[in-house]
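Residue numbers (the numbering used here): 17 to 91.
This is the structure:
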């Protein structure tokens, strides 16, 4: 897992806002799929800020943990 300033990257990320975010536009999480199938996660209140970038296996582990109701911490 790492944080990156995606504005330095040449590719344009398509950000998707969480369906669980409030309708007022605040406190939202946005996710973008990266070319390597990893994901970038950012706070929609600071789109120019850093994003948390995870590998495909890290993203899969996170999603599976959420689906199971028991996300675990990374070792």
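Yeah, the Cβ is synthetic: ideal placement off N, Cα and C, and Gly gets one too.
None of the values given here were measured: they were computed from a predicted structure.
Distance from the CA atom of residue 34 to the CA atom of residue 45, rounded to whole angstroms, is 6 Å. Residue 67: member of the beta strand (DSSP E) spanning 67-70, first to last residue. A distance below 9 Å separates the beta carbons of residue 29 and residue 50. Contact annotation, residue 56 with residue 69: C-beta distance approximately 5 Å; criterion of less than 8 Å satisfied.
Rounded to the nearest whole angstrom, the C-alpha separation of residue 86 and residue 62 is 28 Å. Put simply, the backbone Cα of residue 32 is about 5 Å away from that of residue 47.
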